[in-house]
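2 protein chains.
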Amino acid sequence: MVDKADKAVVLLSGGLDSATTLAIARNEGYQCFALSFDYGQRNRVELEAAGRVAKTGGAVEHRILNLPIGELGGSALTDDAIDLPKASEFEDSGIPVTYVPARNTVFLSMALAMAEIVGARNIFIGVNAVDYSGYPDCRPEFITAFENLANLATREGVQGDGFRIRAPLIDMTKADIINTGVRLGVDYSLTISCYNPLTDGLACGVCDSCRLRADGFNMANVADPTVYRSVR
Amino acid sequence: MVDKADKAVVLLSGGLDSATTLAIARNEGYQCFALSFDYGQRNRVELEAAGRVAKTGGAVEHRILNLPIGELGGSALTDDAIDLPKASEFEDSGIPVTYVPARNTVFLSMALAMAEIVGARNIFIGVNAVDYSGYPDCRPEFITAFENLANLATREGVQGDGFRIRAPLIDMTKADIINTGVRLGVDYSLTISCYNPLTDGLACGVCDSCRLRADGFNMANVADPTVYRSVR
């Protein structure tokens, strides 16, 4: 366990993975500063979920920063001109169309700024290389490279003890993640993973993210608390 | 010279260094996409200067993105609670109080997102390790680490030819920079370097940045076009 005064910044999307990541950081004893972004994504419902998760998950603070990367376009998650794929239309190999250019680099950069300001030396991010191996910025080598950068880029890195970028889910299956979260008391009914929840806040049940989530509950032998709009 | 279709993103602050960097990128033949940030800094006058520099410097596009890193506080440049130092009060060693946590990391991350979207493979940044050696994120090892990160983090890095982070001023003195810019036709009267230009848009003449700029023109034997508010 860490010292009670030790602080961590936790990137929180409102999805299943980041809710579990927050629970892991809390379980290690960190004072957690949750950080979410409004980046013009279609799924603003996620931000409401992030607020619920931060509150029930014991974060001492939850900040939502406006990031205009949606204005730059270029991804199905932020650009209305690009249709969202159904699971069946997803590429089996390569990088999904839901890839957002440099997203995790931008998110970690902002988390790094916040960490240096609040005096946190650990930054938690819920990336996972198993189920989402198509995203280049969810791989262990990306995390290592960012940690290296963080410790060259900052006062804390140069003059202090430095930063650690923590990605505790990176090698877990979705079932491992869910089992870990259940053990730590995460209420997954508060989270949303859907790429396209519309205004009713319900998960679509057909997108790639819904499919991975449902499969994860299945494999974990945990009842799926998600209310899906479509019969799957 | 590069192919005429080759594109570059150029970080543009409205100061002397980034104006010179844009001129260097244009001189190499790139189609330049200039990128500036409104990050709650005191010197919004810089953004107006950036607009003038982008226009006269031949950028094909100039985008200003809102970045809320000022809200995070922690620097004399963004936080009204911290007094700006005069040159005489500056620390002779260590990191200046004008250091903004993770600033260049955040800026390069956004430039990387923009570069991948517009199809640019070169990102130019006007950092300089000679006159501002106190900033950790102005050092060559920071630039190298970011380039490494960029090529792990992105589709272009993994599947394409990758990105180059270009910092052409990094080893130049301020006089070298000014002489280079003059040779390339930069109109330095359009730029502003002052940390505290107030609403009249005039340089204060006493801050560290004003001092470095004036010394640079002196050393370069170039007439300083800056109108200073104070007699120096």
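Protein sequence lines, in the order shown, are assigned to chains D and B.
Start counting the first sequence at 31; every next residue gets the next number (my numbering).
Start counting the second sequence at 31; every next residue gets the next number (my numbering).
Think of the CB as a built atom: it goes at the ideal place given N, C-alpha and C, for glycine as much as any other residue.
Bear in mind that the values here come from a model prediction, so they are computed numbers and not experimental data.
Query                                                                                                        : Result
V39 (chain D), DSSP secondary structure in three states                                                      : strand
Burial state of V90 (chain B), where buried means 16 or more other Cβ atoms lie within 10 Å                  : exposed
Opposing strand residues paired with I153 (chain D) [DSSP bridges]                                           : D:V39, D:I195
Cβ separation of T51 (chain B) and F193 (chain B), assumed to be a contact under 8 Å, to the nearest whole Å : Their Cβ separation, rounded to whole angstroms, is 16 Å, which puts T51 (chain B) and F193 (chain B) out of contact at 8 Å.
Contacts that I125 (chain B) makes with chain D (C-beta to C-beta distance below 8 Å)                        : R185, V188, Q189
Local conformation of P255 (chain B) per DSSP, three classes                                                 : coil
Residue range of the unbroken beta strand (DSSP E) whose run includes D68 (chain D)                          : 61 to 68
Within chain B, the residues that D167 (chain D) reaches when beta carbons sit closer than 9 Å               : L182, A183, T184
Chain D contact residues for F176 (chain B), given Cβ-Cβ distances below 7 Å                                 : L179
7 Å Cβ cutoff, F63 (chain B) in contact with chain D                                                         : no
Below-7 Å beta-carbon distance, A143 (chain B) vs any chain D residue                                        : yes
Exposed unless 16 or more other CB atoms sit within 10 angstroms - verdict on S219 (chain D)                 : exposed
Spatial distance of L42 (chain D) from A53 (chain D) (CA atoms)                                              : 11 Å
Closer than 9 Å at the beta carbon, the chain B residues around V136 (chain D)                               : V136, S139, M140, L142, A143
7 Å Cβ cut-off: residues of chain D touching A132 (chain B)                                                  : S139, L142, A143, E146, A183, T184
From D:C168, D:T210, D:T221, D:Y129, residue whose alpha carbon lies closest to that of I195 (chain D)       : D:C168
Length of the line joining the Cα atoms of A145 (chain B) and Y258 (chain D)                                 : 37 Å
G149 (chain D) vs K37 (chain D) beta-carbon contact at 7 Å                                                   : yes
L214 (chain B), DSSP secondary structure in three states                                                     : coil
Alpha-carbon to alpha-carbon, A132 (chain B) and A143 (chain D)                                              : 5 Å
Candidates B:F176, B:P126, B:N96, B:E58: closest to R74 (chain B) by CA position                             : B:N96
A183 (chain D) in three-state terms, based on DSSP                                                           : helix
Candidates B:L214, B:F172, B:G59, B:S239, of which the one nearest A49 (chain B) by Cα                       : B:L214
Contacts that L199 (chain B) makes with chain D (C-beta to C-beta distance below 7 Å)                        : By Cβ distance, chain D contributes nothing, its closest Cβ being about 18 Å from L199 (chain B), past 7 Å.
Min CB distance E121 (chain B) to chain D below 7 Å                                                          : In this predicted model, E121 (chain B) has a pLDDT of only 48, less than 50, meaning its place in the structure is not dependable enough to derive any value.
Interface partners of I99 (chain B) on chain D, CB under 8 Å                                                 : M140, A143
Status (buried if at least 16 other CB within 10 Å, exposed otherwise) for N226 (chain D)                    : buried
For G156 (chain B) and L199 (chain B), the rounded distance between their alpha carbons                      : 6 Å
Spatially closest choice to Y165 (chain D) from B:V212, B:P166, B:T184, by CA coordinates                    : B:T184
CA-to-CA distance, N248 (chain B) to A84 (chain B), given in whole angstroms                                 : 26 Å
Distance, T86 (chain B) Cα to H92 (chain B) Cα                                                               : 11 Å
Chain D residues whose Cβ lies nearer than 8 Å to that of N96 (chain B)                                      : N96, P98
C-alpha gap between Y69 (chain B) and P98 (chain B), whole angstroms                                         : 5 Å
Where L95 (chain D) sits in the DSSP three-state scheme                                                      : strand
Nearest to F67 (chain B) (by Cα), restricted to the options B:A159, B:D245, B:A141, B:T128                   : B:A141
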